[in-house]
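First the structure, in the form of structure tokens, and then the observations on it.
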């Protein structure tokens, strides 16, 4: 296997609107750590495959289309063999048109074009620096993340739930160069929301300090981060009252270093060597929405005190008044990457809750002993909650979709649809 790796700084050079927290409407005021994009190109002698990771909230259809177009052109890969993965930092710029709608026309301020240009530069550099190497896979353990769904007085609220489950796996896909003078590459994945930090400073949250921590201890490595199924997992950064905190910066560094330590410990374990052809299969599902509410529900939202709910009601009513049909589903993209007959990686296009990720790992291990599952990939959209969570409500079930202008939440069977499609791509069914 030959591989090449390149990095670009994608930090905006001027104040920008920030993504991740709807209540944060001011422009950024500075930078606590640069935002980065990293491109890893793999060439197994058959067809190149390119991995793009970026310190962004996510890619939408338009940004993903532009990014894939420029990267595939620079590396000579088919577009379907380019995989996009966002870290989901909440301290990055808005880059999606759906985010622009919550601010003002022109709110992207050209940041999207800058990012596409830098991705093209990194892809070209990676393609021009291919070296021979070997692949291996390891799994470490980390308990930095906490379940964020807690039952209080019969309601599900976003508070720390130490008794709730998480996914502690730290998945490590390593490339070791044949020439020790060349840097190795490491794709590390852990399921936890990058929401350790708030405020108006741009930065990558804990994934940036994870990369720094590993590379400081292992200067022979370049680290890419891909988030796992972290829809309902937050960093264990708590205030004196035991509530989730935003900052200070020292806490962000501590959380990142905790995951970095888990990565370094995992790298000390014997790796499972990987060989064989690298394949990628994709499928785009339509995840169904529940039937829309009566018109009076949207009208009541417009009259309410919550500004975001008012805008939601207005957007739905605008479509109804224009005679436009309300959406009945939303697209959801999956990709299945396999290396030989022992390793598979499922890449999911949303904020998938961790119970779905755990189920996917169990199912896929029926066919592949070595399994990695990541989310926040492709054209990321919305939360995908587990079937068990729907009767409980909470943000991941009953609230997020209003921010995206949808008339209703998903149907509870989306977990089964996602798992079935992943199994189909992995060859578990016809």
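Residue numbers (my numbering): -6 to 423.
Glycine included, each C-beta is placed from N, C-alpha and C at the ideal position.
All values reported here derive from a predicted model rather than from experimental measurement.
- Task: Specify the secondary structure class of residue 359 as computed by DSSP and reduced to three states.
- Result: coil
- Check whether the Cβ of residue 384 sits closer than 8 Å to any heavy atom of the ligand PLP, and report yes or no. Although the ligand PLP was asked about, the structure shown includes no ligands whatsoever.
- Item | Contained beta strand (DSSP E) runs [length at least 3] in the stretch 113 to 161, N- to C-terminal order | 124 to 134, 138 to 145, 148 to 154
- With a cut-off of 8 Å on the beta carbons, I'd call residue 182 and residue 365 a contact; round off their distance for me. 6 Å
- Query: To the nearest angstrom, how far is it from the Cα of residue 231 to the Cα of residue 241?
  - Reply: 11 Å
- Item | Own chain, CB closer than 8 Å to residue 145, minus 5 neighbours either side, in chain order | 152
- If you draw a straight line from the alpha carbon of residue 62 to that of residue 113, how long is it in whole angstroms? 9 Å
- Query: Between which two residues does the alpha helix (DSSP H) harbouring residue 249 extend?
  - Reply: 242 to 260
- Would a C-beta distance cut-off of 9 Å place residue 343 and residue 361 closer than the cut-off? no
- Query: Do residue 167 and residue 142 have their C-beta atoms closer together than 9 Å?
  - Reply: no
- Report the partner residues of residue 220 according to the DSSP bridge assignment. 183
- What span of residues does the alpha helix (DSSP H) with residue 200 cover, start to end? 199 to 210
- Have a look at 371, 410, 389, 390 and flag the residue whose alpha-carbon is nearest the alpha-carbon of residue 219. 371
- For residue 208, which residues of its own chain have a beta-carbon under 8 Å away from its beta-carbon, when the five flanking residues on both sides are left out? 214, 215, 216
- Item | Pairwise C-alpha distance: residue 325 and residue 348 | 18 Å
- Supposed contact pair residue 57 and residue 109 - C-beta distance, whole angstroms, cut 8 Å: At roughly 10 Å, the Cβ-Cβ gap does not stay under 8 Å, so residue 109 and residue 57 are not in contact.
- State the Cα-Cα distance for the pair residue 107 and residue 20, rounded to the nearest angstrom. 18 Å
- Item | Rounded separation between residue 245 and residue 354 - CA only | 29 Å
- Query: By Cβ distance below 7 Å, which residues in the same chain neighbour residue 410 in space, the five residues on each side in sequence not counted?
  - Reply: 278, 280
- Message: If you measure between the beta carbons of residue 123 and residue -4, is that distance less than 9 Å?
- Response: yes
- Bridge partners of residue 3, per DSSP? None; residue 3 has no bridge partner.
- Straight-line gap, residue 35 to residue 327 (C-alpha atoms, nearest Å): 20 Å
- Please go through the same chain and pick out, in chain order, the residues whose beta-carbon is closer than 7 Å to the beta-carbon of residue 297, but skip the five residues on each side of it. 303
- Task: Sort out for me which residues DSSP pairs residue 228 with in a bridge.
- Result: 138
- Query: Exposed or buried, what is residue 154 when buried is set at 16 or more other beta-carbons lying within 10 Å of its beta-carbon?
  - Reply: buried
- Query: In angstroms, rounded to a whole number, what distance separates the CA positions of residue 121 and residue 40?
  - Reply: 16 Å
- Query: Just checking my contact of residue 194 with residue 84 at CB under 8 Å: how many whole Å lie between their CB atoms?
  - Reply: 7 Å
- Starting from residue 414, follow the alpha helix (DSSP H) in both directions and report where the run begins and ends. 407 to 418
- Apart from the five residues just before and just after residue 261, which ones in its own chain have a Cβ nearer than 6 Å to its Cβ? none
- Out of 55, 363, 135, state which residue places its alpha-carbon closest to the alpha-carbon of residue 264. 363
- Which of the three DSSP states, helix, strand or coil, is assigned to residue 298? coil
- Message: Rounded to the nearest angstrom, what separates residue 94 and residue 333 at their Cα positions?
- Response: Because the pLDDT of residue 94 is 49, which lies under 50, any placement of that residue in the model is unreliable, and the question is left without a value.
- Query: Would you call residue 309 buried or exposed, if buried means 16 or more other Cβ atoms sit within 10 Å of its Cβ?
  - Reply: buried
- Message: I need the DSSP call for residue 88, collapsed to helix, strand or coil.
- Response: coil
- Item | Nonlocal neighbours in the same chain, by C-beta distance under 6 Å from residue 150, ignoring five residues either side | 143
- Roughly how many whole angstroms lie between the Cα atoms of residue 254 and residue 161? 13 Å
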